[in-house]
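Inspection log for the structure reproduced underneath, given as C-alpha cells.
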Amino acid sequence: MTGTPAPAQAPTIETDIFTDSSYVSGIQYDPSGLVLTVNFRYGGVRQFRPVYPQTVMDFRLSPSKGSFFHQAIRSTMGEGMRIK
C-alpha cells in the first residue's frame with residue numbers, strides 16, 4: 001500500500017522581543033538550521049550560523065543583551081550576514 005507523503009511542515013521559528021535592551025531589539029531563531037537572526041535598535045538585521053540552542057537560551061536569559069551579543073556571538077562569529 002502506497003500512501004501520499006505528508007506535507008512538509010514549516011520550520012518552527014522562535015521569536016523574542018527585547019524591551020529591556022538599548023542595543024538589541026529582538027531575535028529570531030531557527031533551530032532546524034541553527035540560524036540566529038538579530039534585530040538591532042539602530043535598524044540593522046544580521047544572521048549568524050551555526051548558533052546552538054544553549055547559546056540562544058543564554059542570550060535570552062542574559063541581563064545585558066548587548067554585552068552578551070558582543071562577547072558570545074560577535075567576538076566568535078564576526079559580523080554575520082547583513083540582512084537589512
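If you count the sequence shown from 1, position 4 lands on 4 in my numbering, and the numbers rise without skipping.
Even for Gly, the Cβ is constructed at its ideal location relative to N, Cα and C.
- The three-state secondary structure of serine 67, taken from DSSP, is helix.
- When DSSP reads this structure, glutamine 28 sits in a beta bridge with Thr15, Thr37.
- Put simply, the stretch 60 to 73 touches the stretch 19 to 31. At least three CB pairs are less than 8 Å apart.
- Membership of valine 56 in the alpha helix (DSSP H) is indicated by the continuous run 53 to 61.
- In the three-state DSSP reduction, arginine 49 falls in the coil class, being neither helix nor strand.
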